[in-house]
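Before any comments, here is the structure.
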Amino acid sequence: MIEAAWSGLVQVFAFPRFFIMLIGMLIGMAIGIIPGLGGQVTLALLLPIIYGMDPATAMAFLLGAHAIVPTGGSITAILFNVPGTGQNVATTLDGFPLTKQGQGGKALGAALGSSAIGGVVGALFLMVIIPVMRPLAFALSAPEFFMLSLLGISFISSIGGGDVVKNLIAGGLGLLITFIGMDSGTGVPRYTFDQLYLWEGIKLIPAVIGLFAFAEMLALGVKGGSLVEVQVERMPRLRDVISGVAEVFRKFWLMLQTALIGTLIGAVPGMGGDVANVFCYGFASKRSKHPETFGHGNIEGVIAAEAANNGKEGGALIPTLGFAVPGSAGMAILLGAFYLIGLQPGPLMLKENLDLVFLLAWTLAIANLVGGAIAVFFSSWLARASYIRGSLLVPLILVLGMLGAFSATSHVGDLLVAFVFGLLGYGMMHFGYSRVTMLLGLVLGRVAEKNLTISLNAYGYSFWTRPISLVLLAIIIAGIAYPLLRKSLKKGGQGA
Amino acid sequence: MSKSGYELLFDLLILATLVFFVAKAFTLTGGAGRVPLFVGIPTLVLMAIKTSVALFKHFSASAPDVRFLGKAGSGEAQSKILNEIIWLCIFTVLIIFFGVIFGSVAFLLMYLRLHNKDSWLVSTVVCAAVVFATYFIFQEALKMQLYEGVFPGMISEWLDY
Chain E
33 MIEAAWSGLV QVFAFPRFFI MLIGMLIGMA IGIIPGLGGQ VTLALLLPII
83 YGMDPATAMA FLLGAHAIVP TGGSITAILF NVPGTGQNVA TTLDGFPLTK
133 QGQGGKALGA ALGSSAIGGV VGALFLMVII PVMRPLAFAL SAPEFFMLSL
183 LGISFISSIG GGDVVKNLIA GGLGLLITFI GMDSGTGVPR YTFDQLYLWE
233 GIKLIPAVIG LFAFAEMLAL GVKGGSLVEV QVERMPRLRD VISGVAEVFR
283 KFWLMLQTAL IGTLIGAVPG MGGDVANVFC YGFASKRSKH PETFGHGNIE
333 GVIAAEAANN GKEGGALIPT LGFAVPGSAG MAILLGAFYL IGLQPGPLML
383 KENLDLVFLL AWTLAIANLV GGAIAVFFSS WLARASYIRG SLLVPLILVL
433 GMLGAFSATS HVGDLLVAFV FGLLGYGMMH FGYSRVTMLL GLVLGRVAEK
483 NLTISLNAYG YSFWTRPISL VLLAIIIAGI AYPLLRKSLK KGGQGA
Chain S
289 MSKSGYELLF DLLILATLVF FVAKAFTLTG GAGRVPLFVG IPTLVLMAIK
339 TSVALFKHFS ASAPDVRFLG KAGSGEAQSK ILNEIIWLCI FTVLIIFFGV
389 IFGSVAFLLM YLRLHNKDSW LVSTVVCAAV VFATYFIFQE ALKMQLYEGV
439 FPGMISEWLD Y
């Protein structure tokens with residue numbers, strides 16, 4: 033285990049992997065700073081670039097970019113009151129009041145410092161949990177892995193927000209779309225309309241680009257106007273930013289607590305960075321001796337919110353790497369990337385590629401530290417990126433997206449898939465269907481089918497009666513029933 | 289059309305897609321339809337229930353519905369959405385017929401000039417920078433063969449003969 037951990041650390045610094053990871057981080061930070069884009073758009077646009085990279089470099093590049101997005105997002109949340117991503121919402125509550133009081137630099141330093149250390153805490157937690165995760169993952173077989181796929185979709189449907197029924201439908205549709213193409217078991221083409229392009233199924237890259245990048249750009253184009261309305265008279269000075277970083281060490285216990293809570297929240301599929309950010313902000317205000325100051329510029333609010341949203345990535349990697357159940361949209365895209373480059377997360381990866389698992393954990397830690405340091409020194413300049421006009425961003429992302437989509441198989445069909453998924457994604461956004469659940473279906477579909485087929489062949493239709501499967505099934509049912517029951521009870525209560 | 293009208297249309301579209309998936313799964317041979325049915329039937333049932341409820345609500349609602357995207361009334365909001373979708377269509381068609389490079393140049397120039405009302409200078413500079421950067425990243429750095437499009441492909445084929 034220790035050898036694998038050491039090997040993972042050495043591999044992060046191998047040339048040119050470290051520099052590629054740095055490039056990924058810079059892209060992630062730039063995208064995080066621009067409101068309206070986010071982790072999913074970043075990964076969607078970067079997915080095509082990993083072709084030709086070795087698996088370790090590809091994953092370091094993607095994870096480096098993904099890990100740093102919320103750090104970039106905190107800059108606009110504090111300076112302009114516009115969260116760069118959904119994971120920075122709670123950061124605005126105290127961050128922007130501090131900016132209005134002339135303490136923007138200090139708030140920024142606190143956010144960047146707690147983000148960096150929070151991310152490291154999450155990564156260390158992941159490393160500690162790997163020895164515990166391995167025997168658990170080895171104990172599971174095909175029926176349980178099929179149930180885990182359903183568990184992932186049902187969890188994100190039920191606790192990921194929005195209408196549970198719509199979310200489940202989106203997940204089901206995502207799974208069905210993955211059945212397009214040649215059935216690997218029987219060799220029968222399914223839903224292919226005699227098109228050779230469809231025989232290999234719908235490609236993940238154009239689908240993800242359409243579902244996230246194009247849909248977001250359509251929304252941005254419709255919204256119009258500037259991304260950031262607030263004009264800051266004077267950008268923060270480096271000295272103030274560094275004093276903010278020092279503040280994190282003065283509130284170290286709070287930072288550590290919220291980073292760990294964020295990590296645990298991240299480990300639950302469906303509970304993304306948004307929940308971690310808001311929950312830990314609430315936690316900090318409750319444990320504070322002066323809760324009345326929260327919302328008016330309390331630095332603890334910034335530290336707690338930012339430590340949590342970076343810490344949660346370490347937690348989110350636990351189900352993704354151990355059980356191939358991604359905890360969030362970003363992790364679902366990462367999981368898709370694993371499959372694209374020929375890696376198989378789950379027991380096989382924990383057994384045969386343990387050094388790669390540690391490499392990911394180290395990448396997370398190092399990306400957070402280095403990214404945080406870069407942001408401390410260059411945040412004033414980086415913040416200016418958010419002044420870019422939305423109307424200028426739309427065609428740029430569309431061009432990049434189309435090029436990326438085309439790279440999947442260099443077939444014109446990829447462009448059409450991206451286009452169709454763009455429209456579908458926009459419709460889903462608009463009418464409250466979860467794109468994340470659909471993405472989960474798209475990523476897990478083939479694996480779920482393989483596990484279901486093995487389960488049916490080995491155990492027949494009673495495969496779900498195996499003890500662990502039964503427990504997982506009970507969790508799935510409870511997970512779906514709980515929000516529905518709560519909703520109907522609420523309605524009943526209002527009616528009475 | 290009202291928002292619930294559009295939503296209903298979207299629901300019906302998804303319902304029709306699910307019906308297709310399930311109906312087709314019944315015709316697949318050699319057990320290839322087993323898993324699609326396993327997933328498709330429950331999803332279809334959920335969607336059918338949801339759409340029925342939405343249909344009932346839509347036709348039994350007596351109060352006038354809030355217009356799509358509401359605030360300004362607003363046919364304007366609907367036309368904005370349609371406008372963006374048309375631009376995406378134009379871009380896809382341009383790339384398919386004129387290839388990545390020429391299609392992107394044409395799209396960027398048209399979008400920046402006609403949609404954004406940017407000056408010729410800004411449009412040309414942005415267009416040149418983006419196309420150069422993407423060409424460099426994808427063609428030179430990643431060694432990707434960029435799609436040349438239907439028309440240039442036809443021309444080069446014709447020239448070869």
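Protein chains in written order, with the working numbering: chain E, 33 to 528; chain S, 289 to 449.
Built from N, CA and C at the ideal position, the CB exists for glycine as well.
Residues near residue i by beta carbon distance below 6 Å, same chain, minus five either side
i	result
H346/S	S292, L296
P358/E	T352, A364, L367
F390/E	A36, A37, G40
G71/E	H98, V101, G362
M165/E	G354
Same chain, Cβ closer than 7 Å to residue i, five either side skipped, listed in chain order
i	result
P175/E	S487, Y491, F495, W496, R498, S501
M287/E	S146, I149, G150, V280, I335, A339
G454/E	G242, F246, A247, L250
V438/S	I384, F385
Beta-carbon spacing of residue i, residue j below 7 Å
i	j	result
A92/E	M53/E	yes
D126/E	N330/E	yes
A348/E	G403/E	no
M179/E	L504/E	yes
G473/E	L207/E	yes
G61/E	G96/E	Sequence inspection shows Met at residue 61/E; the Gly mentioned does not correspond to that position. Not closer than 7 Å, so no.
F157/E	G436/E	no
V381/S	L434/S	no
M267/E	S412/E	yes
T290/E	G154/E	no
A337/E	T123/E	yes
L144/E	A407/E	yes
K287/S	V197/E	Given that chain S is displayed from residue 289 to residue 449, the structure contains no residue 287/S and the question cannot be resolved.
F438/E	F298/S	no
I59/E	G104/E	no
Whole-Å CB distance - residue i paired with residue j, under 8 Å assumed
i	j	result
L525/S	L332/S	Because residue 525/S is not part of the residues shown, which for chain S are 289 to 449, the question remains open.
T210/E	G242/E	At roughly 15 Å, the Cβ-Cβ gap does not stay under 8 Å, so T210/E and G242/E are not in contact.
I212/E	T224/E	7 Å
A139/E	I110/E	5 Å
E481/E	V323/S	5 Å
G253/E	V426/E	5 Å
Residue i - DSSP class collapsed to helix/strand/coil
i	result
M214/E	strand
R401/S	helix
P358/E	coil
R49/E	helix
P163/E	helix
G361/S	With a pLDDT of only 47 at G361/S, under 50, the local geometry of the prediction cannot be trusted, and the value read off the model is given with reservation. Here G361/S sits in coil by DSSP.
P221/E	strand
R271/E	helix
P377/E	coil
L521/E	helix
P87/E	helix
P129/E	helix
R498/E	coil
R266/E	coil
P515/E	helix
F67/E	Looking at the sequence itself, residue 67/E is Pro, so the reference to Phe does not match. Correct three-state label for P67/E: strand.
L301/S	helix
K431/S	coil
Spatial neighbours of residue i in its chain, beta-carbon cut-off 8 Å, leaving aside the 5 residues before and after
i	result
I507/E	L183
K235/E	A440, T441, D446, V449
P440/S	F386, G387, F390
V419/S	I389, S392, V393, L396
Contact set between residue i and chain E, taken where Cβ atoms lie within less than 9 Å
i	result
G293/S	Near G293/S there are no residues of chain E at all, since even the closest Cβ is about 12 Å away, more than 9 Å.
K338/S	D195, V197, K198, I201
Residue-level contact to chain B via CB, residue i, 7 Å cutoff
i	result
I406/E	The structure shown contains no chain B; its protein chains are E and S.
9 Å Cβ cut-off: residues of chain S touching residue i
i	result
G96/E	By Cβ distance, chain S contributes nothing, its closest Cβ being about 18 Å from G96/E, past 9 Å.
S439/E	F426, L430, M432
R222/E	K312, A313, L316, A320, G321, P324
Chain E residues whose Cβ lies nearer than 7 Å to that of residue i
i	result
E364/S	Per Cβ cutoff of 7 Å: no residues; E364/S is ~11 Å from chain E at best.
Contact list for residue i against chain E, beta-carbon separation under 8 Å
i	result
F395/S	P427, L430, V431
Contacts of residue i in chain S (Cβ-Cβ under 8 Å)
i	result
D226/E	Within 8 Å Cβ-Cβ: nothing; D226/E doesn't reach chain S, min ~13 Å.
G84/E	L430, K431
Contacts that residue i makes with chain S (C-beta to C-beta distance below 7 Å)
i	result
I81/E	L430
Residue i: CB within 6 Å of a non-hydrogen atom of the ligand HEM
i	result
P440/S	Absence of the ligand HEM from the depicted structure is noted, as is the absence of any ligand whatsoever, leaving it without description.
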